[in-house]
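K.L.:
In order, the protein sequences belong to chains A and B.
My numbering applies: residue 1 is where the first sequence begins, and numbers increase by one.
My numbering applies: residue 10001 is where the second sequence begins, and numbers increase by one.
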Amino acid sequence: MKKINEKKLKPNTAIKKSSSKTSQSQTSLTEGKASLQSKRAANRPQQSKTEIVSDITSRKGLELALQESEEAFQALAESVPQIVWATRADGWNIFFNDKWVKYTGLTLEESYGHGWNIPFHPDDKQRSWDAWQQATKHGATYSLEVRLRRADGVYRWWLVRGAPLLDTTGRIIKWFGTCTDIDDLKQAERRQALSTEILGILNNPLSMDEAISKIITVLKGETGFDAIGIRLQRGDDFPYIAQDGFSKDFILAENTLTVHTQDGGVCVDKDGNVCLECTCGMVISGKTDPTNPMFTPNGSCWTNESFARAEHPIEDKRLHPRDRCIHEGYHSVALIPLRADKRIIGILQLNDHRPNQFTLEMISFLENMGALIGIAVARKRAEDEMHKAKERADALNLELETANKELEERVATRTADLSRTNEQLRQEVGERRRAEDRLRESEMRMERAQEIAHLGSWELDLVSNHLSWSDEVYRIFGLQPREFGATYEAFLDRVHPDDRAAVDSAYAGSLREGRDSYEIEHRVVRKSDEEVRIVHEKCEHFRNESGAIIRSIGMVHDITERKQAEEVQGRLAAIIESAEDAIIGEDLNGIIQSWNVGAENIFGYAAEEVIGKHVSILVPSGRVDEIQDILAWIKDRERIANLETERIRKDGTIIPVSLTVSAIKDANGRIIGASKIAHDITDRKLAEEALRSSEEQFRALADSIPNLAWWANGDGYITWYNQRWYEYTGTTPEQMEGWGWQSVHDPEVLPKVLERWKASIAASEPFDMDFPLRGSDGIFRSFLTRIMPLKDSTGRVLRWFGTNTDISALKQANEELEAANKEMEAFIYSVSHDLRGPLRGISGFSQMLLEGSMDYTDDKKKNYLNRIYLGAAKMGQLIEDLLRLSHISRQEMTRINVDLSSLAIDIVAELRQCDPDRKVEVKIEEGIAAFADPGLMRVLLSNLLDNTWKFTSRTEDAQIEFATVNEGGRTVYCVKDNGSGFNQEYANKMFLPFHRLHGNEEFEGTGIGLAIVERIIRRHGGRIWAEGQENNGATVSFMLDTK
Amino acid sequence: MNTILIVDDNRDDVDLTEIAIDAAGLEVKAEAAFSGNDALKYLQNVESMPALILLDLKMPGLSGIETLQKIRGDSRFNKIPVVVVTASLLPSDEEDAYAAGANGYLNKALDLKQFGKDIKSHLDRWVPK
Chain A
1 MKKINEKKLK
11 PNTAIKKSSS
21 KTSQSQTSLT
31 EGKASLQSKR
41 AANRPQQSKT
51 EIVSDITSRK
61 GLELALQESE
71 EAFQALAESV
81 PQIVWATRAD
91 GWNIFFNDKW
101 VKYTGLTLEE
111 SYGHGWNIPF
121 HPDDKQRSWD
131 AWQQATKHGA
141 TYSLEVRLRR
151 ADGVYRWWLV
161 RGAPLLDTTG
171 RIIKWFGTCT
181 DIDDLKQAER
191 RQALSTEILG
201 ILNNPLSMDE
211 AISKIITVLK
221 GETGFDAIGI
231 RLQRGDDFPY
241 IAQDGFSKDF
251 ILAENTLTVH
261 TQDGGVCVDK
271 DGNVCLECTC
281 GMVISGKTDP
291 TNPMFTPNGS
301 CWTNESFARA
311 EHPIEDKRLH
321 PRDRCIHEGY
331 HSVALIPLRA
341 DKRIIGILQL
351 NDHRPNQFTL
361 EMISFLENMG
371 ALIGIAVARK
381 RAEDEMHKAK
391 ERADALNLEL
401 ETANKELEER
411 VATRTADLSR
421 TNEQLRQEVG
431 ERRRAEDRLR
441 ESEMRMERAQ
451 EIAHLGSWEL
461 DLVSNHLSWS
471 DEVYRIFGLQ
481 PREFGATYEA
491 FLDRVHPDDR
501 AAVDSAYAGS
511 LREGRDSYEI
521 EHRVVRKSDE
531 EVRIVHEKCE
541 HFRNESGAII
551 RSIGMVHDIT
561 ERKQAEEVQG
571 RLAAIIESAE
581 DAIIGEDLNG
591 IIQSWNVGAE
601 NIFGYAAEEV
611 IGKHVSILVP
621 SGRVDEIQDI
631 LAWIKDRERI
641 ANLETERIRK
651 DGTIIPVSLT
661 VSAIKDANGR
671 IIGASKIAHD
681 ITDRKLAEEA
691 LRSSEEQFRA
701 LADSIPNLAW
711 WANGDGYITW
721 YNQRWYEYTG
731 TTPEQMEGWG
741 WQSVHDPEVL
751 PKVLERWKAS
761 IAASEPFDMD
771 FPLRGSDGIF
781 RSFLTRIMPL
791 KDSTGRVLRW
801 FGTNTDISAL
811 KQANEELEAA
821 NKEMEAFIYS
831 VSHDLRGPLR
841 GISGFSQMLL
851 EGSMDYTDDK
861 KKNYLNRIYL
871 GAAKMGQLIE
881 DLLRLSHISR
891 QEMTRINVDL
901 SSLAIDIVAE
911 LRQCDPDRKV
921 EVKIEEGIAA
931 FADPGLMRVL
941 LSNLLDNTWK
951 FTSRTEDAQI
961 EFATVNEGGR
971 TVYCVKDNGS
981 GFNQEYANKM
991 FLPFHRLHGN
1001 EEFEGTGIGL
1011 AIVERIIRRH
1021 GGRIWAEGQE
1031 NNGATVSFML
1041 DTK
Chain B
10001 MNTILIVDDN
10011 RDDVDLTEIA
10021 IDAAGLEVKA
10031 EAAFSGNDAL
10041 KYLQNVESMP
10051 ALILLDLKMP
10061 GLSGIETLQK
10071 IRGDSRFNKI
10081 PVVVVTASLL
10091 PSDEEDAYAA
10101 GANGYLNKAL
10111 DLKQFGKDIK
10121 SHLDRWVPK
């Protein structure tokens, strides 16, 4: 391509040169003509061509030449390797050669006019259009580098040039132009630039990873591929060192290439090389197949259509690609090995979702880049190694130098010491033994003293690097004295881990800064029991003549106890300061020595106002004597607790306080003063007062209610009963206190009461129960007992408050009501039964008469009618009696003294009047009286006497008697007869309504009479009973007001 | 001929029961006792035991239940079927009657025809043909 360009462009260049002084447009014209003529002149020497050109420009043969050349132009245009085009003066395209059609795939029809613009790259369209407009407007030559779309969609760079053809007047007749493919040139230029840039990066003193990242950015920017990554060797694997464009999942899945065995080890082939998976692994391992077009001779792998690969399974499973590139839709994939000294140290990977992104040429370029990167990486690595090595060497040198210096110094010191020592030795040899003895003694004393004071000493000879500890140091560290030779490490080992750095740097720092001494407080952990102790260390350095430190002497003081004491004291001081109570220190003369914030708050004096003053300023005038009393007491007994008294504030108000006074002693136990804690009890006093008043109110209330009431402590211990309790039970407070109440309980019920009450106490829940309590009269009455807990804010029961309400009357009323209801029901059934009796007769006999045979005799008819009549009469009687009974129950009662004897006499007289033929002996006791309702008494007596009159009707010598008997001071009234009597077995039924002991055949009756009698007695609160014997008389007796 | 003993203190009821028995058209003879004691006396003295006893509950002296207990307590007549016939509407009466050994329980209907039907069904059941 290049060659062709050279050949074809050379003549043009020549022409340009020859006419370099003409205008631009003229040059273009000549150029165009040259092209036109070139076919014809192809075999001629270049010189002749120039002549022809000048020949043609001569005006004479112009018209003819133009006409002639039309055909020649066509033939020529088709023969050149470039695209040739022509337009009208206005830019309307009228000609393209075949190259255009073949390259763009457009038809001529599509291309004519402005259709030429179609294959231009979208980014170039506007630019080329503007340039073309500009050119046609000014008639200037048109030259532009643009991308043109090939029929297969690929864009390539072209140089488009155009020049106007002018007539003699300078008017544009036509435009002629060419398009020359400069894509390879362009790409070569770009790759050159890219190489330069990458080389620049690699030569930059960046770290390797930074350089790699940068290279990827540059490559991506230049090539426009979707994803680019570089893998480099790290241990056995080749992870991505840098990448741009791959998804997280992709990197996660693909980052490792090594094949792992089941036990997690790395899989190695027979040559000892690590097995690597995937196509990446194949490229890195160099296991490429040169016969496969996918692989280049340089060991790269590339494809423009990865999907086609997936259809051909690879036999060797270990080498089978994981196909992730395919899964993620990368059609174009290139893997370029990065080499250093022929060894592959990684790969450059380029992926694109579009197919056909690579050319062999590009791969070759990338391989060059790969080689470049490989070498640079290897170099960078080597540099890094070298740098590290140099650092190590420098450090070693420094160390060596220091060691040398030290050695020299030590030798010098040692020599000096030695000579001095020798001299001294000679002098001291005589004294030595004595001195040694003294020393030993002194050392022993020293050791003892150290032990007592928990003070150890140590000495470090910096020249000999010999460290010695006194025995106490060992002990402080929880070691056996002389357990092992002292070392600085052993010392540091005992220092609390958190303090180690500080201790180490204190010592090292003092040496470094050349200080004479240093002090530090730190913790040590005793080895024997792991106890943490606090020590104070003080060290002094000693120098030789030249001022160098040669020895350090130090002491270790176990100050744990002191520290603890300080801490305790600090805490105590804090407590005192934060206390709400006043805490005041006085000496034995009553002079105030200390005064806390609590005291300020309570008394209103600031500390400086009172310290040094006599305590009497706090005491109300009436209580001044107390001061001496308290001091005297303290001297004897050392302590006064909770003395309730009064003090006076700065503002003159008197406040109630609770004083606690303790003696203050010196170290010898001598009393030197007193500490007073004054607690302001104003609130408590007020609360107590409020409580007392509230309790008084409560007691007054509790005494005024009709219920029995009491309260108990939280544990159920009863401390108070109201007056009603004592009145009812007839007990005393002494008997009742605590759990004494059990004595008024029914022993049978008590266990249940105790069980429930204790359960309530345990659960702090209210108590509710009915149980009997014995009254002072010895009678148990039912009480409803309710006990409520009074709780504080935490739910603790402070008190139990209980009431006992007498419900015996209520209970009795309930029982009576129930009995009455039952009786009522029985009564209604009886009434219905007895009423149905006569009714059935009436109904039955009426039916007989109405529906029966017509031939009943008159007697029979009369009999039936008679029975109907009697039935009706019976019913009438029954209804009347029922009304009487009901009346008895409802009638209002007025009780007065009633003369029952006269009442009985009247009734008997009436009976005699009704039945004058009967001879009955009636005895009525004189003066029988009762406090009762006179009307009801009449009903009562007439019923009883009626009965005696009736049941003696078949008795000869009938006798009736009304008398009284005195039974235990109470009157029993008796109505006796000697009539038919009754079976005692049925005596209890006699008083029930409708109950009769005799059939109607014997004695008539409705069975209501005695029921009425019984009800009257009941209304008078009495009782009634009957005694009798069949055919031998009966006695009905009653009493009033037994209940 | 089979005998039927009617025990009832109410004369009207005795007559009406006899009328009902007649109407039932059985070949039986009706006897009446006006109290529990009378009934027991009758049973102790009669030669051939009645085929059925119709017993009222509420009677002066020995009540129907007491009478039934005595009948059931005596081996001479404890096999005789007893149908309690009463005007009582107290529900507990029926329970008491069966508890005391009654074989049937019949409420005395006000309507004579109904009463006749009730009597007949009991006779049909207890009196052998």
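We put the CB at the ideal spot given by N, CA and C, even for glycine.
Keep in mind it's a predicted model, so treat the numbers as computed, not measured.
Could you tell me whether any Cβ in chain A is nearer than 8 angstroms to the Cβ of S10075(B)?
P.N.:
Here residue 10075(B) is taken as the residue at index 75 of the second sequence, counted from 1. No, S10075(B) does not count as interfacial toward chain A.
K.L.:
Within the 8 angstroms Cβ cut-off, does N10078(B) reach chain A?
P.N.:
By one-based count along the second sequence, residue 10078(B) stands at place 78. Not one chain A Cβ lies under 8 angstroms of N10078(B).
K.L.:
Counting only runs of 3+ residues fully inside the stretch 637–724 of chain A, write out the beta strand (DSSP E) ranges in chain order.
P.N.:
If we require 3 residues or more, the beta strand (DSSP E) runs fully inside the stretch 637–724 of chain A come out as 639–648, 654–665, 671–680, 708–713 and 718–721.
K.L.:
Closer than 6 angstroms by C-beta to I602(A): which residues in its own chain qualify, once you throw out the five before and the five after it? Chain order, please.
P.N.:
For the purposes of this step, residue 602(A) is taken as residue 602 along the first sequence, with counting starting at 1. Closer than 6 angstroms at Cβ, skipping near neighbours: A582 and D680.
K.L.:
Mind checking whether L259(A) and E277(A) have CB atoms under 8 angstroms apart?
P.N.:
Along the first sequence, one-based indexing puts residue 259(A) at 259. Along the first sequence, one-based indexing puts residue 277(A) at 277. Strictly speaking, residue 259(A) in this sequence is Val, with Leu absent from that position. For V259(A) and E277(A), yes; Cβs fall inside 8 angstroms.
K.L.:
Considering F951(A), what are the terminal residues of the alpha helix (DSSP H) in which it resides?
P.N.:
Your numbering for residue 951(A) matches position 951 in the first sequence. Run containing F951(A): P934 to F951, per the alpha helix (DSSP H) assignment.
K.L.:
Strictly under 8 angstroms for the Cβ-Cβ distance: is Y869(A) near chain B by that measure?
P.N.:
Working through the first sequence from its first residue, we reach residue 869(A) at position 869. False, the Cβ-Cβ gap to chain B never drops below 8 angstroms.
K.L.:
Which residues in chain B sit within 9 angstroms of R954(A), going by Cβ to Cβ distance?
P.N.:
Sequence index remark: in the first sequence, residue 954(A) carries index 954 (1-based). In chain order: nothing, as chain B lies at least about 16 angstroms away.
K.L.:
From G162(A) to A89(A), what does the alpha carbon distance come to, in whole angstroms?
P.N.:
Here residue 162(A) refers to the residue found at position 162 of the first sequence. Here residue 89(A) refers to the residue found at position 89 of the first sequence. Roughly 12 angstroms separates the two Cα atoms.
K.L.:
Decide if C914(A) is buried, meaning its Cβ has at least 16 other Cβ atoms within 10 Å, or exposed.
P.N.:
For the purposes of this step, residue 914(A) is taken as residue 914 along the first sequence, with counting starting at 1. Classification of C914(A): exposed, given that the 10 Å Cβ count is below 16.
K.L.:
Going along chain A, which residues have a C-beta under 7 angstroms from G10036(B)?
P.N.:
Along the second sequence, one-based indexing puts residue 10036(B) at 36. Here the premise fails: no neighbours, minimum Cβ distance about 10 angstroms.
K.L.:
Have a look at I654(A), A663(A) and A873(A) and flag the residue whose alpha-carbon is nearest the alpha-carbon of R639(A).
P.N.:
Within the first sequence, residue 639(A) is the residue found at index 639, counting from 1. Closest option to R639(A), Cα to Cα, is A663(A).
K.L.:
Can you tell me whether DSSP reads Y330(A) as helix, strand or coil?
P.N.:
On the first sequence, residue 330(A) is found 330 positions in, with the first residue counted as 1. If DSSP states are grouped into helix, strand and coil, Y330(A) belongs with coil.
K.L.:
Using the three-state DSSP reduction, which class does K10129(B) fall into: helix, strand or coil?
P.N.:
Here residue 10129(B) corresponds to residue number 129 of the second sequence, with the count starting at 1. Coil at K10129(B), not helix or strand.
K.L.:
Residues of chain B with CB closer than 9 angstroms to the CB of M824(A), please, in chain order.
P.N.:
Start at 1 with the first residue of the first sequence, and residue 824(A) comes out as number 824. Going along chain B, no residue has its Cβ under 9 angstroms from M824(A), so there is no contact; the nearest lies around 13 angstroms.
K.L.:
By how many angstroms is the C-alpha of T288(A) removed from the C-alpha of T303(A)?
P.N.:
For the purposes of this step, residue 303(A) is identified with residue 303 of the first sequence, where counting begins at 1. For the purposes of this step, residue 288(A) is identified with residue 288 of the first sequence, where counting begins at 1. For T303(A) and T288(A), the distance between alpha carbons rounds to 14 angstroms.
K.L.:
Between which two residues does the alpha helix (DSSP H) holding E1004(A) run?
P.N.:
As a working note, residue 1004(A) is residue 1004 in the first sequence. Counting along the chain, E1004(A) falls outside any alpha helix (DSSP H), and DSSP gives it neither H nor E.
K.L.:
Which residues, taken in chain order from the stretch 829–847 of chain A, show a beta carbon closer than 7 angstroms to some beta carbon of chain B?
P.N.:
Here the close residues are Y829, S832, H833, R836, G837, L839, R840, G841, S843, G844 and Q847.
K.L.:
L850(A): buried (16+ other C-beta within 10 angstroms of its C-beta) or exposed?
P.N.:
The residue you call residue 850(A) lines up with position 850 of the first sequence. Answer is exposed; the Cβ neighbour count stays below 16.
K.L.:
With 16 as the cutoff for other CB atoms within 10 Å, does F931(A) come out buried or exposed?
P.N.:
Residue 931(A) sits at position 931 when you count from the first residue of the first sequence. Label assigned to F931(A): exposed.
K.L.:
Starting from K983(A), find everything on chain B with Cβ-Cβ shorter than 8 angstroms and list it in chain order.
P.N.:
Taking the first residue of the first sequence as 1, we reach residue 983(A) at position 983. Note on residue identity: the sequence assigns Asn, not Lys, to residue 983(A). Within chain B, the residues near N983(A) are G10061.
K.L.:
Using C-beta distances below 8 angstroms, list every residue in its chain close to D10015(B), excluding the 5 sequence neighbours before and after it, in chain order.
P.N.:
By 1-based counting over the second sequence, the position of residue 10015(B) is 15. Contacts found: none.
K.L.:
Taking the runs of the alpha helix (DSSP H) that are 4 residues or longer, which of them lie wholly in the stretch 10046–10107 of chain B?
P.N.:
Here the runs fully enclosed are 10064–10072 and 10091–10099.
K.L.:
Are there 16 or more other CB atoms within 10 angstroms of the CB of V524(A), so buried, or fewer, so exposed?
P.N.:
Here residue 524(A) is taken as the residue at index 524 of the first sequence, counted from 1. Under this definition V524(A) is a buried residue.
K.L.:
List the residues of chain B that G999(A) touches, going by C-beta distances under 8 angstroms, in chain order.
P.N.:
Locating residue 999(A) in the first sequence gives position 999, where the first residue counts as 1. Correct list: D10009, F10034, S10035, M10059, P10060 and G10061.
K.L.:
List, in chain order, every chain B residue whose beta-carbon is nearer than 8 angstroms to that of Y856(A).
P.N.:
For this step, residue 856(A) is matched to residue 856 along the first sequence. None at all; the shortest Cβ gap to chain B is about 12 angstroms.
K.L.:
Buried or exposed: where does S54(A) fall if 16 or more other Cβ atoms within 10 Å of its Cβ makes it buried?
P.N.:
Here residue 54(A) refers to the residue found at position 54 when the first sequence is read from its first residue. For S54(A), the predicted structure reports a pLDDT of 44, less than 50, and the residue's modelled location is therefore unreliable. The matter cannot be settled from this model.
K.L.:
Nearest-angstrom Cα distance between R1019(A) and V1013(A)?
P.N.:
Within the first sequence, residue 1019(A) is the residue found at index 1019, counting from 1. Within the first sequence, residue 1013(A) is the residue found at index 1013, counting from 1. About 10 angstroms.
K.L.:
Of all the CB atoms in chain A, is at least one closer than 8 angstroms to the CB of A9986(B)?
P.N.:
Residue 9986(B) lies beyond the residue range present for chain B, which begins at 10001 and ends at 10129; the question has no answer from this structure.
K.L.:
Please report whether the beta-carbon of I10019(B) lies at a distance below 8 angstroms from any beta-carbon of chain A.
P.N.:
To locate residue 10019(B), count along the second sequence from 1; it is residue 19. For I10019(B), the answer is yes, since a Cβ of chain A falls inside 8 angstroms of its Cβ.
K.L.:
Taking the CB atoms as reference points, tell me whether R231(A) and I347(A) lie closer together than 8 angstroms.
P.N.:
Taking the first sequence and counting its residues from 1, the one referred to as residue 231(A) is at position 231. Taking the first sequence and counting its residues from 1, the one referred to as residue 347(A) is at position 347. Taking 8 angstroms as the Cβ cut-off, R231(A) and I347(A) qualify as a contacting pair.
K.L.:
List the residues of chain A whose Cβ lies closer than 8 angstroms to the Cβ of K10108(B), in chain order.
P.N.:
For this step, residue 10108(B) is matched to residue 108 along the second sequence. R836 and R840, listed in chain order.
K.L.:
Could you tell me which residues DSSP puts in a beta bridge with K923(A)?
P.N.:
Within the first sequence, residue 923(A) is the residue found at index 923, counting from 1. K923(A) pairs with E961(A).
K.L.:
Check for me: the alpha helix (DSSP H) holding P620(A) runs from which residue to which?
P.N.:
Within the first sequence, residue 620(A) is the residue found at index 620, counting from 1. Looking at the DSSP string, P620(A) is not in any alpha helix (DSSP H), and its letter there is neither H nor E.
K.L.:
What is the DSSP secondary structure of G778(A), reduced to helix, strand or coil?
P.N.:
In the first sequence, counting from the first residue as 1, residue 778(A) sits at position 778. Residue state, collapsed to three classes: coil.
K.L.:
Can you give me the start and stop residues for the alpha helix (DSSP H) that N203(A) sits inside?
P.N.:
Position 203 of the first sequence, counted from the start, is the residue given in the question as residue 203(A). Per DSSP, N203(A) belongs to the alpha helix (DSSP H) from D183 to N203.
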